[in-house]
Every structure is written in C-alpha cells, then in structure tokens.
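Undergrad: Have a look at this one.
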Amino acid sequence: MVKRLLLPVVLLMLAGGFWLSADFKTISAGVAIFLFGMLSLEQGFSAFTGGLLERVLKRATSSHLRSLGFGMLSTAVMQSSSLVSVIAISFLSAGLISLAAGIGIVFGANLGTTTGAWLIAGFGLKVDIAKYAMPMLVFGIVLLFQSSSKLKGTGSVLCGLGFLFLGIYYMKEGFEAFKSTIDLARYSVSGYPGVLLFMLIGVFATVVMQSSHATLVLIITALAAQQITYENALALAIGANIGTTITAVLSALNATASGKRLAVAHLIFNLVTALISVALIFHLVDLVDWTATMLGIDSTDYTLKLAIFHTIFNLGGVLIMLPFINTLVRFLERVIPDRIPEVDQPLYLSSASAEFPNTAIEAVKNETLRVYDAAVNIISSGMGLAREGGGNRIQVVKNFDGKPLTGESGIDAMYEKHVKSIYSAILVFISDTAFPRKEEHASTLQWLREANVQIVEAIKDTKHLQKNLQRFMVSGNPDIRHSYNRIRHHIAAIIQEILDIRQQQDGVMDMLALDALKLTIDEHKNSMADEMTKLIASRKISPQMGSSLLNDSTYAHDVSMNLVLAAQTLFGASEPELLHAARSVTLDVNDRDTILEETTMPKSDGKTMVQE
Amino acid sequence: MKLKKLIRKLENYLDADARERKEHRDEMKTLLQKMKTKEKNLAAKALVEFDENRLATLRKQIDMVHAQRKKGISALKELVDKHESTD
C-alpha cells in the first residue's frame with residue numbers, strides 16, 4: 001500500500017514545489033539531468049565491458065593493494081562508485097575474483113569517489129561548466145547514431161559527461177537564485193544533533209537518488225551558495241557515504257552468497273568509516289583546516305575544504321580497515337555460509353553475474369564445468385571406471401558386474417541429484433540473458449548451451465549402454481564380455497585423455513588437440529563394427545548379441561564424442577580472443593574422413609598400415 | 613601526407629566492419645603461428661620416439677594439426693581476399 005502511494009506522493013510534492021518556486025524547479029532539473037548523465041555514463045562504460053574492463057579486472061586483483069588501486073582508478077575514471085561495486089559483485093558471483101579482491105575494489109571505489117568532490121569543487125564551480133557540456137553533447141549524440149558498439153559507447157560516455165556538467169550548472173544556478181528568495185542556512189543545526197540530523201538527510205537523499213555523487217554535487221553547490229553551513233555539509237557527506245551502499249545491497253539481493261558477502265562488507269566499511277568520522281568530526285575539522293593551510297587553500301573556501309574532508313575520512317577508513325580484510329573475509333564467510341542443499345544447485349548463476357557479458361559467460365562456463373565433472377563421475381560409475389586413489393588416473397575395474405559403482409541407486413538418481421538442477425538453471429540463465437550489442441557473446445553462450453545438451457546426451461547414452469552392460473558383463477560368453485570390456489576401456493581412455501589435455505590449460509590449443517580424439521573415436525567405432533561382423537561370422541556370438549553390441553558401440557561412440565565436443569567448447573571458452581578463429585579450423589566429419597583415408601591404406605593382406 | 617594518413621586512420625576507426633575483419637585476420641594469424649609451433653614440436657618428438665604405439669599417436673596428432681593449419685591458411689586467404697576486394 002505504502003509502496004503504491006509513494007510514487008504519486010513524490011510526484012505531487014515535486015509538482016507542488018515547482019509551482020511554488022522556479023528556483024526549486026531549476027535545482028531539481030539539475031539533479032535530474034545529472035542523474036541522467038550518470039545513467040548515460042554507466043551505459044557508455046558497459047559497452048566496453050565486453051572485454052577490456054574484465055581483462056584489466058582479472059589482472060588487477062592479485063593483491064589487496066592492486067585491488068584497492070583498481071577500485072580507486074576505475075571509480076575516478078567512471079565517476080561512479082556504485083557501478084564499480086556492482087561490477088565487483090558481478091565478478092565475484094561469477095567466480096572471477098576472490099572476496100578479498102572484491103573488498104579491496106570496494107575500498108578503492110570509496111577512495112576514487114572522492115575525486116568527484118575535488119573535480120566539482122575545484123573545477124565545476126570555478127569555470128562556466130555549461131560551455132564544456134555543449135560540444136560534448138553534440139559529439140556524443142553524433143556518435144550515438146553510429147552502428148559500432150564502441151562508437152556508441154564513446155557517444156554515451158560523452159553525453160553522460162555533458163549531462164553531468166549541465167546538471168551541475170543548473171544546480172549551481174538554482175541555488176544562487178534561491179539565495180535571493182530564501183535562506184536555507186537559517187535552518188542549520190549546530191553541534192552533534194545537527195551532525196546526526198544532516199547525516200540522516202544525506203543517507204535519505206542518496207538512497208532516493210541512488211548516487212552519492214549526485215548528493216555530493218548537491219551539497220557542494222548548496223554550500224557554495226551558502227545555503228547550508230560547512231558543518232552540516234560535512235554531516236551530509238558522511239550520510240551520502242552510508243546511503244551509497246544501497247545500490248550494492250540491492251544488486252546483491254539476488255546474488256550468490258559471495259555477492260552478498262561483498263555487499264555486507266561494503267556496508268560495514270561505510271558504516272565503520274561514518275561512525276569514526278562522526279565520533280571525531282570536530283578533530284577532523286581541525287585536520288582539514290591544517291591540510292587546507294598546508295595546500296595553500298583559502299580558509300573560507302569551504303567547498304574545497306569539504307573535498308579535503310571527504311578524502312580524509314575515506315582515506316582514514318581505508319587505512320583502518322585494510323589490515324583487517326582477511327579477518328573480514330573470515331567473519332563474512334562464517335556469517336553468510338554457502339547453503340548445502342540435498343540436490344546440487346548452481347553456484348555461479350545469479351542476476352549479478354548476468355549484468356555483464358563476460359561475467360555471464362564465465363558463470364555459465366564454471367557451471368558447465370561442474371555439470372561436466374558430475375557427468376564424468378556418473379559415466380565412470382556406470383561404466384565401472386574408478387579414479388586411482390581418488391586422483392586423476394582412470395582405472396577400469398576388473399570383475400565389474402555392470403551395476404553402477406557408487407552406492408546411489410542408478411544413473412537416473414545420480415542425474416537428478418548432481419546434474420538436473422544446474423542444467424535447468426543454465427538453460428534458463430542463457431535464455432534470460434540477452435546481449436544484443438555483441439554477437440560473439442551471444443554465440444559463446446549458445447555454444448555453452450550446446451555443450452550442456454551434449455553432456456546430458458552423454459549421460460542418457462550411458463544409461464542405455466548400461467542396460468546391456470549389466471547383462472553381458474556377467475555373461476558366460478567370454479567373447480561378448482571381451483567386446484564390452486573393449487568399450488569400457490575405450491571410454492576410460494577418452495576420459496583420461498580429456499583429463500590430461502585439460503591439465504595443460506592451453507586454451508584453444510587444448511580445444512584443437514581434442515580433434516585427435518575424434519579420430520580415435522571414429523576408428524574405434526569402425527573397429528567395433530568389424531569385430532562384431534567377425535564374431536557373428538565365426539558363430540562366437542549370437543546375432544542378437546551382435547545387434548546389441550552394434551547398438552552399444554554406437555552409444556559408446558556418442559558418449560565419447562559428446563564428451564569431447566563439450567570439452568572443446570569448455571576449453572576454448574577460456575581463451576575467448578582466439579575462439580572464433582579456432583572454431584573455424586576444427587575438423588568436421590569430412591575432414592576426419594579425409595585424414596583417415598590419407599593415413600590408412602589397405603595392404604595386400606587386407607590389414608591396414610600407417611602411411612610414412 | 614600526414615593529413616591523408618590521419619584521415620585514413622580515422623576512417624578505419626569509424627569503419628566498424630573493416631576493424632572487425634582486421635581483428636579476425638590478426639586472430640587467425642596468431643592461431644596459425646601457435647599451430648605451426650605445435651606441429652614442429654610434435655615432429656621433433658616423433659623423431660626421437662621409438663615406441664610404435666606412441667609414434668602412431670604422435671603421427672595422428674601431426675596429421676591433425678597439419679589439416680587444421682591447412683584449413684586455417686585457406687580461411688586466412690579468404691579473409692585477405694575479402695579485405696583486398698573491399699579496399
């Protein structure tokens with residue numbers, strides 16, 4: 001009820017305000033234009049999140065200090081700590097960065113956001129900023145009409161900056177005109193009650209506008225027009241810092257446990273910083289005065305002094321919290337644990353990881369790897385293959401009776417428990433994720449969907465194959481047992497080979513190396529057909545056994561081929577910059593036939609030989 | 613001369629299709645280089661391998677990389693031809 005009434009009430013209040021005061025209208029328009037500028041800036045930067053930003057982020061998070069530096073720089077460039085926090089949550093949810101790195105980025109983002117105050121106080125108020133806005137808007141709009149996503153992104157960034165400048169100009173104009181009609185400074189409250197009251201106002205304003213930057217501009221322009229006192233402006237800035245966490249908290253609501261941990265870390269950091277600042281506010285004011293004198297800033301230049309205060313209290317917060325990052329990580333992991341459900345659930349898919357193309361791909365790739373590993377375990381269990389000492393060597397179990405090795409009640413049950421939920425979630429996630437800007441992202445997601453289908457097909461084929469395996473592995477006929485053991489050895493060899501190639505971690509080269517396995521699989525199928533013909537001709541197996549063997553060697557072929565195809569997609573996805581080229585050189589069935597024809601030629605005795 | 617060069621650079625930047633084609637060509641060149649190195653390494657391994665089975669596996673891998681490279685070279689040729697015909 002309250003939620004439904006809120007919007008009409010806010011709109012009515014704004015309309016009433018516009019009717020009563022033209023200056024209020026100018027200030028509100030300034031805020032609206034500024035917020036629109038921020039949206040445009042975010043949209044522009046997200047056009048570049050198809051690679052560069054992600055690559056930089058991956059490299060820039062190897063230590064706490066590097067994460068901090070990255071958060072600071074990226075926020076200074078993009079002028080939005082909220083965007084950087086949302087990117088960090090998205091990367092964390094997709095499993096691309098660690099929680100400690102995410103916390104480092106968020107701390108850095110808080111420092112980076114202080115550059116905004118410096119820019120506005122030092123530059124925005126001292127020059128006619130609207131003059132700079134006009135050409136930016138014109139160039140920006142021209143670029144927005146281009147077809148290239150990068151040019152469009154540049155256009156959005158220029159428009160965003162143009163609107164930011166224009167918004168600041170209108171806010172400045174509005175407050176200056178406002179000064180002649182009403183003096184808001186009369187409503188100032190001094191002492192701690194004032195600090196607390198204005199801090200709450202700052203929190204509220206930032207939660208409504210979802211941008212501490214916008215609140216800060218509003219504070220600085222109002223301070224420049226002497227509509228608020230310096231002391232109250234400081235409290236408002238502290239409040240803005242608390243309010244800004246709302247964007248991260250909202251974006252983490254649907255995030256994974258790690259995403260939630262980061263949002264809480266962000267909240268804790270800003271709350272702790274705010275509490276310390278409030279407790280020491282009068283000492284901080286003295287420190288700001290001293291710093292201003294050292295920097296040669298006029299003692300009455302309150303806007304620049306506010307920028308100094310904003311920097312000092314954020315820097316103080318970072319210096320106090322930085323040594324406790326690891327403690328914070330441990331605390332958050334204890335307070336927000338990973339759920340252990342009865343049925344395996346996706347770990348990386350969330351609305352936060354769907355925010356950017358590369359995080360969405362990484363999340364789907366990581367989930368698909370889980371599905372793949374679960375499938376290999378199911379297939380191994382069904383085929384009577386064990387891991388030597390639980391490690392990476394696949395061993396064919398002797399005296400296998402055809403029943404799955406694990407205690408679980410069969411392939412169907414294992415599929416339901418370990419694969420189905422994740423598989424379904426992946427399909428839904430890919431369907432819901434649309435990135436119209438870049439075709440390559442969409443096609444990578446399609447390939448990953450195909451890989452999932454192939455993995456599930458491999459499990460289904462194993463199930464079919466397993467029926468006869470249970471029958472013939474305990475058969476009194478040694479020849480049929482031998483043929484089915486050949487199938488088991490073949491699948492074991494394929495799984496082993498994929499495991500070995502996976503350990504090389506050589507991206508698209510691993511993907512291409514798997515083509516050799518396809519040749520092996522084709523050869524095995526042909527060889528099984530030959531064997532079956534010979535066994536029937538020599539009456540060693542019955543025609544019924546022969547037809548079962550033929551069907552099952554086709555199932556074995558499909559199991560192996562689907563595992564190889566899925567592995568190719570997964571290995572290739574780890575080197576996306578060469579994926580397009582690698583896909584065009586992988587060998588199709590005709591190429592493989594040609595190689596088989598070229599490398600094997602019949603000898604006079606009917607056997608085959610490898611050509612020199 | 614400098615202005616002409618500048619205009620051509622600007623044209624290239626603004627022509628998204630041309631830039632994309634160039635990216636594809638560069639990707640293919642990098643991949644071909646990687647494959648060439650791999651083929652050489654496999655051939656070197658095959659020279660010192662005496663085990664018949666392992667030698668057969670290595671030969672199969674060499675044939676496969678060779679076929680992939682052939683495919684890559686013709687794809688690159690196609691990309692270059694397309695580039696020349698559009699310029």
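Taken in sequence, the protein lines are chains A and B. Numbering of the first sequence is given in our numbering, commencing with residue 1 and proceeding in unit increments. Numbering of the second sequence is given in our numbering, commencing with residue 613 and proceeding in unit increments. Backbone N, C-alpha and C fix where the C-beta goes; we use that ideal spot for every residue, glycine too. Model, not experiment: these values are computed from the prediction.
With a Cβ-Cβ cutoff of 8 Å, do A:A292 and A:S299 count as a contact?
TA: For the purposes of this step, residue 292 of chain A is taken as the residue at position 292 of the first sequence. For the purposes of this step, residue 299 of chain A is taken as the residue at position 299 of the first sequence. In this structure, A:S299 lies closer than 8 Å to A:A292 by Cβ.
Undergrad: Closer than 8 Å, CB to CB, is A:R437 near chain B or not?
TA: Your numbering for residue 437 of chain A matches position 437 in the first sequence. Its pLDDT being 47, under 50, A:R437 is placed unreliably in this model, and the value from its coordinates should be taken loosely. It does not; no Cβ of chain B falls within 8 Å.
Undergrad: Would you say A:L587 faces chain B, with C-beta separation under 8 Å as the test?
TA: Taking the first sequence and counting its residues from 1, one reaches residue 587 of chain A at position 587. Yes - at least one Cβ of chain B is within 8 Å of the one on A:L587.
Undergrad: Within the 8 Å Cβ cut-off, does B:L659 reach chain A?
TA: Within the second sequence, residue 659 of chain B is the residue found at index 47, counting from 1. By this cut-off, B:L659 is not an interface position.
Undergrad: How long is the line joining the alpha carbons of A:T554 and A:M561, rounded to whole angstroms?
TA: Within the first sequence, residue 554 of chain A is the residue found at index 554, counting from 1. Within the first sequence, residue 561 of chain A is the residue found at index 561, counting from 1. Cα to Cα, the separation comes out at about 10 Å.
Undergrad: Just grab the DSSP bridge partners of A:A386 for me.
TA: By one-based count along the first sequence, residue 386 of chain A stands at place 386. Looking at the DSSP assignment, A:A386 forms a beta bridge with A:Q395.
Undergrad: Thinking just about the alpha-carbon of each residue, which of A:A442, A:H283 and A:L519 is nearest to the one in A:I557?
TA: Within the first sequence, the letter at position 557 stands for residue 557 of chain A. Checking the sequence shown, residue 557 of chain A turns out to be His, not Ile. When only C-alpha atoms are compared, the closest one is A:L519.
Undergrad: Going along chain A, which residues have a C-beta under 8 Å from B:V639?
TA: Residue 639 of chain B sits at position 27 when you count from the first residue of the second sequence. Note that residue 639 of chain B is Glu in the sequence shown, not Val. The answer, in chain order, is E577, L578, H580 and A581.
Undergrad: How long is the line joining the alpha carbons of A:E497 and A:Y372, rounded to whole angstroms?
TA: Here the question's residue 497 of chain A lines up with position 497 in the first sequence. Here the question's residue 372 of chain A lines up with position 372 in the first sequence. Their Cα atoms are separated by approximately 15 Å.
Undergrad: Roughly how many angstroms separate the alpha carbons of A:L200 and A:A265, rounded to a whole number?
TA: Indexing the first sequence from 1 puts residue 200 of chain A at position 200. Indexing the first sequence from 1 puts residue 265 of chain A at position 265. Near 21 Å, if we compare the C-alpha coordinates of A:A265 and A:L200.
Undergrad: Indicate whether at least one CB of chain B lies closer than 8 Å to the CB of A:D515.
TA: Residue 515 of chain A sits at position 515 when you count from the first residue of the first sequence. Cβ-Cβ to chain B under 8 Å: yes for A:D515.
Undergrad: In whole angstroms, what is the alpha-carbon distance linking A:Q504 and A:L514?
TA: One-based indexing of the first sequence puts residue 504 of chain A at position 504. One-based indexing of the first sequence puts residue 514 of chain A at position 514. Their Cα atoms are separated by approximately 12 Å.
Undergrad: Report the CB separation of A:I268 from A:M171 in whole angstroms; it is logged as a contact under 8 Å.
TA: As a first step, residue 268 of chain A must be located in the first sequence, where it is residue number 268. As a first step, residue 171 of chain A must be located in the first sequence, where it is residue number 171. That belief does not hold up - the Cβ atoms of A:I268 and A:M171 are roughly 32 Å apart, past 8 Å.
Undergrad: Measure the Cβ-Cβ separation of A:G162 and A:L137 and say whether it is below 8 Å.
TA: Within the first sequence, residue 162 of chain A is the residue found at index 162, counting from 1. Within the first sequence, residue 137 of chain A is the residue found at index 137, counting from 1. Result yes, Cβ atoms of A:G162 and A:L137 sit closer than 8 Å.
Undergrad: When you compare only the Cα positions, how much space is there between A:S421 and A:P346?
TA: Locating residue 421 of chain A in the first sequence gives position 421, where the first residue counts as 1. Locating residue 346 of chain A in the first sequence gives position 346, where the first residue counts as 1. Rounded to whole angstroms, A:S421 to A:P346 spans 7 Å at the Cα level.
Undergrad: Would you call the CB atoms of A:I459 and A:A375 closer than 8 Å?
TA: Taking the first residue of the first sequence as 1, we reach residue 459 of chain A at position 459. Taking the first residue of the first sequence as 1, we reach residue 375 of chain A at position 375. Their beta carbons are under 8 Å apart, which means A:I459 touches A:A375 by this criterion.
Undergrad: Output needed for A:V589: all residues of its chain with C-beta closer than 6 Å, excluding positions within five of it in sequence on either side, in chain order.
TA: For the purposes of this step, residue 589 of chain A is identified with residue 589 of the first sequence, where counting begins at 1. There are no such residues.
Undergrad: Since A:V106 contacts A:G71 with CB under 8 Å, what's their CB separation in whole angstroms?
TA: Here the question's residue 106 of chain A lines up with position 106 in the first sequence. Here the question's residue 71 of chain A lines up with position 71 in the first sequence. Yes, they are in contact, since the Cβ atoms of A:V106 and A:G71 sit about 6 Å apart, within 8 Å.
Undergrad: Quick one: which chain A residues come within Cβ less than 8 Å of B:L643?
TA: Numbered from its first residue, the second sequence carries residue 643 of chain B at position 31. Per Cβ cutoff of 8 Å: V508, L578, A581, A582 and V585.
Undergrad: Examine chain A for any beta-carbon lying closer than 8 Å to the beta-carbon of B:K650, and answer yes or no.
TA: Position 38 of the second sequence, counting from 1, holds the residue named residue 650 of chain B. With 8 Å as the cut-off, B:K650 counts as an interface residue toward chain A.
Undergrad: Can you tell me the Cβ-Cβ gap for A:G16 and A:S74, rounded? I've got them flagged as a contact below 8 Å.
TA: As a first step, residue 16 of chain A must be located in the first sequence, where it is residue number 16. As a first step, residue 74 of chain A must be located in the first sequence, where it is residue number 74. The pair is not a contact, with the Cβ atoms about 40 Å apart (cut-off 8 Å).
Undergrad: Could you check what DSSP says for A:M532 in three-state terms: helix, strand or coil?
TA: In the first sequence, counting from the first residue as 1, residue 532 of chain A sits at position 532. Helix.
Undergrad: With DSSP run on the structure shown, which of helix, strand or coil describes A:M321?
TA: Here residue 321 of chain A refers to the residue found at position 321 when the first sequence is read from its first residue. Looking at A:M321 - three-state DSSP - the assignment turns out to be helix.
Undergrad: Excluding the 5 residues flanking B:G684 on each side, which residues of the same chain have their C-beta closer than 7 Å to its C-beta?
TA: As a position in the second sequence, residue 684 of chain B is number 72, starting the count at 1. M640, L643, L644 and M647, listed in sequence order.
Undergrad: Would you mind telling me which residues of chain B sit closer than 9 Å to A:D522, beta carbon to beta carbon, in chain order?
TA: Mapped onto the first sequence, residue 522 of chain A falls at position 522. The contacting residues do not exist; A:D522 stays about 11 Å from chain B at best.
Undergrad: Tell me, please, whether the CB atom of B:A687 is closer than 8 Å to any CB atom in chain A?
TA: Reading the second sequence from its first residue, position 75 is the one you call residue 687 of chain B. Yes - at least one Cβ of chain A is within 8 Å of the one on B:A687.
Undergrad: Taking the beta carbon of A:M321 as the centre, do at least 16 other beta carbons fall within 10 Å, making it buried, or is it exposed?
TA: Against the first sequence, residue 321 of chain A aligns to sequence position 321. Classification for A:M321: buried.
Undergrad: Applying the 10 Å Cβ sphere with the 16-neighbour rule, what's the burial state of B:K614?
TA: Taking the second sequence and counting its residues from 1, the one referred to as residue 614 of chain B is at position 2. Burial call: exposed.
Undergrad: Ends of the alpha helix (DSSP H) at A:K260?
TA: Walking along the first sequence from the start, residue 260 of chain A turns up at place 260. First-last of the alpha helix (DSSP H) with A:K260: A257 to A279.
Undergrad: A:N468 and A:D552: beta carbons closer than 8 Å?
TA: The count along the first sequence starts at 1 and reaches residue 468 of chain A at position 468. The count along the first sequence starts at 1 and reaches residue 552 of chain A at position 552. Yes, these two residues count as a Cβ contact at 8 Å.
Undergrad: Please tell me whether B:L679 has its Cβ less than 8 Å away from any Cβ of chain A.
TA: Sequence index remark: in the second sequence, residue 679 of chain B carries index 67 (1-based). Note that residue 679 of chain B corresponds to Ala in the displayed sequence, not to Leu. By this cut-off, B:A679 is an interface position.
Undergrad: Secondary structure at A:I195, three-state DSSP: helix, strand or coil?
TA: Position 195 of the first sequence holds residue 195 of chain A. Here the sequence assigns Val to residue 195 of chain A, which means Ile is not the residue at that position. Helix at A:V195.
Undergrad: Taking buried to mean at least 16 other C-beta atoms within 10 Å of its own C-beta, is B:E690 buried or exposed?
TA: As a first step, residue 690 of chain B must be located in the second sequence, where it is residue number 78. When all chains shown are included, B:E690 counts as exposed.
Undergrad: Check for me: the alpha helix (DSSP H) holding A:S82 runs from which residue to which?
TA: For the purposes of this step, residue 82 of chain A is taken as residue 82 along the first sequence, with counting starting at 1. First-last of the alpha helix (DSSP H) with A:S82: S81 to S93.
Undergrad: Is the region 3-15 of chain A touching the region 189-207 of chain A in the sense that three or more CB pairs, one from each, lie closer than 8 Å?
TA: No: the two stretches stay apart, fewer than three of their Cβ pairs being nearer than 8 Å.
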